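Quick note on our numbering: the sequence shown kicks off at 172 and runs consecutively. The block underneath contains the structure these notes are about, expressed in structure tokens.
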Amino acid sequence: MREDIKQIRDVLKEYAKLKKELANFSQLASPAMDSVSCHVHKNGVENSLVHYTDQAYKVKKIEDALNSIDDPRYQFILHDYIMNKNYSRGEASRKLGVSVRGFNKIKNKALRTLIE
């Protein structure tokens, strides 16, 4: 697998993981902020909120890229095959009606569309 394709694939896997983490984080109760805390030192709540904001921004950028893809085959590959791992390579290629080799070509094209 080419290095650029591997990196894009890893970004999508990280995206799926971040999305789950953000969903879990948002289900937690809102932390009570100490009104007399010293602003020189960040506390744990502030650090986690900053981290949450950074992760949410990354997820939003990737979601925007995913939503800009019009080809339903690419959507299937990126969502169901790579991120959600619902299908094996053989199952995904049968679902698209192509050979495994053809599936790999379509998959690589789908991954490349994310960086365009």
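Using N, Cα and C, we set each Cβ at its ideal position, and we do this for glycine too. Bear in mind the structure is a predicted one, so any value in this text is a computation, not a measurement.
Identity of the residue in the options nearest residue i by Cα
i, options, result
"GLY261", "LEU282, ASN275, ASN255 and LEU249", "ASN275"
"ASN279", "ILE253, ARG265 and ALA236", "ILE253"
"TYR223", "SER264, ARG180 and ASN195", "ASN195"
"ALA281", "LYS231, LEU189 and PRO243", "PRO243"
Whole-Å CB distance - residue i paired with residue j, under 8 Å assumed
i, j, result
"ASP251", "TYR258", "6 Å"
Local Cβ density within 10 Å of residue i, reported as buried at 16 or more and exposed below that
i, result
"VAL207", "In this predicted model, VAL207 has a pLDDT of only 49, less than 50, meaning its place in the structure is not dependable; the value taken from the coordinates is given anyway. Counting Cβ neighbours within 10 Å, VAL207 comes out exposed, since fewer than 16 surround it."
"TYR228", "exposed"
"ILE248", "buried"
"SER270", "exposed"
"ILE179", "buried"
"ILE233", "buried"
"SER239", "exposed"
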